[in-house]
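A.B. asks: Residue numbers (my numbering): 4 to 368. Even glycine gets a Cβ: it sits at the ideal position worked out from N, Cα and C.
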């Protein structure tokens, strides 16, 4: 851990704000002091706190439940959050750059490449990217849902050596840490280590969206892509970056894969689905083939070319996700037909796959 050169650090809302909902400048400064201690490292900071920071200025006594007021709070709070980070990092002679993302930015090829280029350029120039979900415009259909998952995907996007998840709890426990006898789990080497572990959902502060379950899910995404994860409390951030024993270490379980496919599997919001016959399912899942029109039996949803869709077998089970090459309204006349016949009747633009194998990722159901 101490040798990690590029690190993604995620900090939760409850670790940055006061009980009243405003930003806690001392907590922000304490975090920045730790991150700035390693100028030779490249740090990407995934920071929650925009909505929480906007609560007090707008007079909200608690986090609102409706999307419109959450977006209003994010609009006010995002500026306050970045201004606080800018001032705090300036004490160490460091610059920051804001990067706001939605799943639309990550499931579409051009947007995905732009996000990667922006982050790489900021790091190359010595700036600290401060990443957050774009809560001011994100709707339920294009939300990541929590910044833990966003952090795991950003770690893969920038090819990080380590992901550090910081919260108000100092690791993963085998039960509710508030109960007597609960023990912290020092290391997780794979899913089998989590069998029987009671994992809580929502946090207790009431200003964030995640909980331990989202952190464990995020750790699974990152470790499955070859990136180790340290989960600990914000007060132990220095120990995590120094490589000292702290929190819970999730060891990498998989290998790095095509980054965009990881986004497609975990970050995209499917806009529709197509049903495949048995032959097409076998070709995709067993032989790594593309999806051709001849293998489709039905289409559902209203999607456009380039958007993510689900690929289902005839029982309705999802077997893959992919980026579709045709609009939903075009597909009915393609169903069950060969690309050669379609090209002869409709033109050369139709002699292609509905989903190319390079834009397709298998799922577990």
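Can you tell me whether residue 117 is buried or exposed, with buried defined as 16 or more other CB within 10 angstroms of its CB?
C.D. replies: Exposed, by the Cβ-count rule.
A.B. asks: Report the residue from 184, 220, 44, 15 whose alpha carbon sits nearest the alpha carbon of residue 197.
C.D. replies: Residue 220 is the option with its Cα nearest to residue 197.
A.B. asks: Between which two residues does the beta strand (DSSP E) carrying residue 312 extend?
C.D. replies: Element bounds for residue 312: 311–315.
A.B. asks: Please state whether DSSP places residue 17 in a helix, a strand or coil.
C.D. replies: The answer is helix: DSSP assigns residue 17 an H, G or I state.
A.B. asks: From which residue to which residue does the alpha helix (DSSP H) around residue 54 run?
C.D. replies: Segment 53–58, the alpha helix (DSSP H) holding residue 54.
A.B. asks: List the DSSP bridge partners of residue 358.
C.D. replies: The partner list for residue 358 (beta bridge, DSSP) reads 294.
A.B. asks: Using a Cβ-Cβ cutoff of less than 7 Å, which residues in the same chain neighbour residue 53 once the five nearest sequence positions on both sides are dropped?
C.D. replies: Around residue 53: 77, 80, 81, 84, 135, 138.
A.B. asks: Tell me which same chain residues have a C-beta within less than 7 Å of the C-beta of residue 210, skipping the five on either side of it?
C.D. replies: Note on residue 210: pLDDT 43, under 50, position unreliable in the model; no value is reported.
A.B. asks: What's the C-alpha gap between residue 398 and residue 151?
C.D. replies: For residue 398 there is no data in the structure shown, the boundaries of the chain being 4 and 368.
A.B. asks: So, do the segment 278–294 and the segment 320–340 have three or more beta carbon pairs nearer to each other than 8 Å?
C.D. replies: As far as the Cβ criterion goes, the segment 278–294 touches the segment 320–340, which means the pair count is three or higher.
A.B. asks: Counting along the chain, where does the alpha helix (DSSP H) carrying residue 83 start and finish?
C.D. replies: From DSSP, the alpha helix (DSSP H) with residue 83 extends over 70–93.
A.B. asks: Tell me whether the beta-carbon of residue 251 lies closer than 7 Å to the beta-carbon of residue 175.
C.D. replies: Going by C-beta atoms, residue 251 is nearer than 7 Å to residue 175.
A.B. asks: Taking the alpha-carbon of residue 338 as reference, which of 68, 89, 303, 245 has the nearest alpha-carbon?
C.D. replies: Closest by alpha carbon: 303.
A.B. asks: Buried or exposed, going by whether 16 or more other CB atoms sit within 10 Å of the CB of residue 258?
C.D. replies: Result: exposed.
A.B. asks: Among all the DSSP beta bridges, which residues are the ones paired with residue 234?
C.D. replies: In DSSP, residue 234 forms a bridge with 168, 251.
A.B. asks: Identify which residue in 344, 365, 364 has its Cα closest to the Cα of residue 355.
C.D. replies: Measuring from the Cα of residue 355, the nearest candidate turns out to be 344.
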